[in-house]
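Undergrad: Before I ask anything, let me first share the structure, which is written out below as structure tokens.
Number of protein chains: 2
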Amino acid sequence: MPKINENFLKLEKNYLFINIAKKVNAYKEANPDADIIRMGIGDVTLPIPSVVIEAMKKGADEMGVKETFKGYEDSGAGYDFLKEAIAGYYKSFGVDVLPEEIRVSDGAKSDCGNIVDIFGDDNVVLVTDPAYPVYVDSNLMSGRKVIYADSNKENGFAAMPDENVKADIIYLCSPNNPTGSVYTAEQLKQWIDYAKKNDAIIIYDSAYEAFITEDNIPRSIFAVEGARECAIEICSLSKTAGFTGMRCGYTVIPNELKFKASDGTDVYISQIWGRRQGSKFNGVSYPVQCAAAAVFTEKGLEQIKENIAYYQENAKIIANALDEMGIFYTGGKNSPYIWFKCPDNMGSWEFFDKLLSEANVVGTPGAGFGRNGEGYFRLTAFGDRDRTIEAMQRFKKMMNT
Amino acid sequence: MPKINENFLKLEKNYLFINIAKKVNAYKEANPDADIIRMGIGDVTLPIPSVVIEAMKKGADEMGVKETFKGYEDSGAGYDFLKEAIAGYYKSFGVDVLPEEIRVSDGAKSDCGNIVDIFGDDNVVLVTDPAYPVYVDSNLMSGRKVIYADSNKENGFAAMPDENVKADIIYLCSPNNPTGSVYTAEQLKQWIDYAKKNDAIIIYDSAYEAFITEDNIPRSIFAVEGARECAIEICSLSKTAGFTGMRCGYTVIPNELKFKASDGTDVYISQIWGRRQGSKFNGVSYPVQCAAAAVFTEKGLEQIKENIAYYQENAKIIANALDEMGIFYTGGKNSPYIWFKCPDNMGSWEFFDKLLSEANVVGTPGAGFGRNGEGYFRLTAFGDRDRTIEAMQRFKKMMNT
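Line order of the protein sequences matches chains A and B. Per this note's numbering, residue 1 is the first one in the first sequence, and the count goes up by one each step. Per this note's numbering, residue 1 is the first one in the second sequence, and the count goes up by one each step.
See below:
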């Protein structure tokens, strides 16, 4: 056999959520009658709004008729009708991006993972810790050096830049997965200034922007001055519109962003990303794009807002229970995630096992998101209302509250 | 900005088909009344069979109801119902693969491009030339050394191994894109023996298997003895079932295939590919998977066979016209592609311009597929019947035949 990419051997054997699924499945096999409530993986549970389903079915019907059949997309980066709908969505919260700056993909995870292809392997990557595992794993796979900015109780689990640290590629996520914390415009401005001083790029994951309720929290990094000179934004319909099983995301690359190659030539980042995608991706399913565009219609936005409000109410229920138990947490407001300190100074995986076996509730061990996650735990508000209430009752009972 | 992956600067600026689209669009702008017939990109034109559309719409409906809503897939490698359907399809032409060995993806191009992530950058890659550009481009992006096996008029544009050449990763495609040539079982056995002697892996692209009509041409490399010890197969529903705009493919990795890491440990290739996909991919849209599974039902197979027969008849029309003009070609039988020598010893791009401007027919210049493609040209049989006839009449008129 050829030589393996040995960088893979430096990774955890499995992606975090595959490990959790295996643990839960093993528990279920041993306890077939257990009534398990899943609040681990950040997966939505409400069905997709009817206006979106109807748009998908209309798109499917078009594929069945010769005159309206769609084959390959010319660009593979999304149909204009969808890119225009997304640009209109940005405009609704006051941000101007051009449709041509939007690249449609099968999801934020794919873009987050694949974007690393366009960067040299000798760049230094800065990741706030704890973080969504994809930022670290995808860079370790390429053999890049990853350094960390600590998010912890002291900074409200929202790390800020350290002027003494040099980095080339910076991953930020706000509202944060897993900590639920958010950056204000002022805080993002500090990161932007830091990136520009370092000649670095910010890869900004805004997958949870739809959960922002407070006015001073930007829905996009491009709402902040200077971001167009140093940032790429990756977003998704997964959490905005329940698309985890539908698969559609998008990446915004400002037209002016460019690399300086070693021979001194300027190379536009959008062009290099297009080149990467041109060889390794072939666009998103047409009926999925029809569905995605329907999300951004007046009726679509109305329907998804109801779903988000439902999840936000769940978040409040979780937060209230933690308040009752006197447990420290971040998130829950502006975010579907609640990040809390494990009771009795338990380790993350220790608490995972306890919560699973004693309360039959699945969460995500904070340690799976990085060293600052040890001793912390993540619950999601994406569950069913009754099950969320039931889970928190079981949690409180377990804690004798 | 961070450092660019300088390997991108070694590539052609654009993916081949994006260049062609740009040229055609420019011609169309200058000649708005031109009635252009597109036989360039290998894109299908017949609509998707009704049984497949209905399955997709049923899947979409399930996404709109809480009880049947699907979020993330646990594995991200395809639902069991689809993997079992694909395994059954393999069985129908006498090949045994396990459902768990099948990894569902958004298309063969994605898998072809992304599979390189799991290999060390110091492997030597052998590509038959001419070839589908993705094999070369995706490896150049990683900085790998690519060497070529010449496909030419002498070997019927079906390169065979050279015992004096050492390689670690071998790309084969049969029926071949772009040359339409096919490997017999005996020829594939020679490649397998060569791979095993070199301790190499074969990445076998079988995207066009559904066009095979002759009995002695394998539909899968796994029909040939020894392939399970040295081959990965990548296939797609794009050409089998008109899925170019629906996006679904699959990769078969035999369970027994493993790397030997530098520390001597055995690492299963399926596990490493799963790790790659776990971090950089999130599965195929559920309604698309429903549609894909319907392709492999009795009714689905019946309907796609009709479509393939239609394209095969187009291929005959093209081949007959070339015969009339006395032009050398390969393909057209067992393949939707016809690969021919440009008349009057013209260069590929020269002939592209002539055919576009004088006959308003778009094809693909052979030179875009590699050095052995210079002076050759590819036409596809995926067009409309009447338009195919019309295109060949224009071609003959242009040649004064």
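Just so you know, even glycine gets a beta-carbon here, dropped at the ideal spot from N, CA and C. All figures in this text were calculated on a predicted structure; none of them were measured in a lab.
Return helix, strand or coil for PHE382(A), following the three-state DSSP convention.
TA: coil
Undergrad: Taking Cβ positions only, does GLY180(A) come closer than 8 Å to chain B?
TA: no
Undergrad: Can you list the residues of chain A that ASN14(B) reaches, using a CB-CB cut of under 9 Å?
TA: GLN271, GLY274, ARG275, GLY278
Undergrad: Please go through the region 115-144 of chain B and give each complete alpha helix (DSSP H) segment of 4 or more residues, from N-terminal end onward.
TA: 133-141
Undergrad: Tell me which residues of the region 120-144 of chain A have at least one Cβ-Cβ distance to chain B shorter than 8 Å, keeping chain order.
TA: GLY120, ASP121, ASP122, ASN123, PRO133, VAL134, ASP137, SER138, MET141
Undergrad: Going straight from the alpha carbon of ILE115(B) to that of TRP273(B), what length do you get?
TA: In this structure, the straight-line span from the alpha carbon of ILE115(B) to that of TRP273(B) is close to 7 Å.
Undergrad: Anyone know if the C-beta pair for GLY249(A) and SER236(A) falls short of 8 Å?
TA: yes
Undergrad: Return helix, strand or coil for PHE296(A), following the three-state DSSP convention.
TA: Residue state, collapsed to three classes: coil.
Undergrad: Answer with yes or no whether the minimum CB distance from PHE259(B) to chain A is below 8 Å.
TA: yes
Undergrad: Skipping 5 residues on each side, what residues in its chain have a beta carbon closer than 7 Å to that of ALA321(A)?
TA: MET392, PHE395, LYS396
Undergrad: Excluding the five sequence neighbours on either side, which residues of its own chain have a C-beta within less than 6 Å of the C-beta of GLU62(B), listed in chain order?
TA: THR68
Undergrad: Using a C-beta to C-beta distance shorter than 9 Å, which residues of chain B count as neighbours of ILE169(A)?
TA: PRO2
Undergrad: Taking the C-alpha atoms as reference points, what is the distance between VAL44(A) and ILE37(A)?
TA: Near 13 Å, if we compare the C-alpha coordinates of ILE37(A) and VAL44(A).
Undergrad: Using the beta-carbon count (16 or more within 10 Å), is ILE102(A) buried or exposed?
TA: buried
Undergrad: In the DSSP assignment, find the unbroken beta strand (DSSP E) run with TYR183(B) in it and report its ends.
TA: Note, TYR183(B): premise wrong, no beta strand (DSSP E); not H, not E.
Undergrad: For a contact defined as C-beta to C-beta under 8 Å, what are the partners of ARG228(A) on chain B?
TA: Going along chain B, no residue has its Cβ under 8 Å from ARG228(A), so there is no contact; the nearest lies around 13 Å.
Undergrad: Restricting to Cα atoms, I'd like to know which of ILE169(A), ASP215(A), TRP339(A) is closest to PHE93(A).
TA: ASP215(A)
Undergrad: Assign GLU214(B) to one of three DSSP states: helix, strand, or coil.
TA: coil
Undergrad: Give me the chain B residues within the contact set of PHE69(A), using Cβ-Cβ distance strictly less than 9 Å, ordered along the chain.
TA: Ordered by position in chain B, the residues that pass the 9 Å Cβ test against PHE69(A) are VAL44, THR45, LEU46, PRO47, ILE48, GLY242, GLY245.
Undergrad: Mind checking which residues open and close the alpha helix (DSSP H) that includes ARG275(A)?
TA: 269-280
Undergrad: Identify, in the order they occur along the chain, each residue of the same chain with its Cβ nearer than 7 Å to the Cβ of VAL134(B), setting aside the five sequence neighbours on each side.
TA: LYS109, CYS112, GLY113
Undergrad: Let me know the secondary structure DSSP gives PHE81(B) once reduced to three states.
TA: helix
Undergrad: Pull the bridge partners of CYS173(B) from the DSSP assignment, please.
TA: DSSP output for CYS173(B) lists ASP205(B) as bridge partner(s).
Undergrad: Specify the secondary structure class of GLU233(A) as computed by DSSP and reduced to three states.
TA: strand
Undergrad: Does the region 167-177 of chain B come close enough to the region 23-37 of chain B that 3 or more CB-CB pairs lie under 8 Å?
TA: no
Undergrad: Could you give the residue range of the alpha helix (DSSP H) that holds ILE53(A)?
TA: 50-63
Undergrad: Output needed in chain order: residues of the region 93-124 of chain B with a Cβ under 7 Å from some Cβ in chain A.
TA: ASP106, GLY107, LYS109, SER110, GLY113, ASN114, ASP117, ILE118, PHE119, GLY120, ASP122, ASN123
Undergrad: Go through its chain and collect everything with a Cβ distance to PHE17(B)'s Cβ below 6 Å, but skip five positions before and after it.
TA: ILE41.
Undergrad: Tell me which same chain residues have a C-beta within less than 6 Å of the C-beta of THR240(A), skipping the five on either side of it?
TA: The residues are ALA210.
Undergrad: Kindly list, in the order they appear in chain B, the residues whose Cβ is closer than 8 Å to that of GLU233(A).
TA: The premise fails here: GLU233(A) is roughly 16 Å from chain B at the closest Cβ pair, so nothing lies under 8 Å.
Undergrad: Which class does SER285(A) belong to by DSSP, given the choice of helix, strand or coil?
TA: coil
Undergrad: Use the C-beta contact count for ASN25(A): other C-beta atoms within 10 angstroms, 16 or more gives buried, fewer gives exposed.
TA: exposed
Undergrad: Mind checking if VAL65(B) is an interface residue toward chain A, Cβ cutoff 8 Å exclusive?
TA: yes
Undergrad: Using the C-alpha atoms, what's the distance from ASN155(B) back to PHE328(B)?
TA: 13 Å
Undergrad: For SER262(B), is the classification buried or exposed, using 16 other Cβ atoms within 10 angstroms of its Cβ as the cut-off for buried?
TA: exposed
Undergrad: Going by the DSSP bridge assignment, what does TRP339(B) pair with across the sheet?
TA: THR330(B), ARG378(B)
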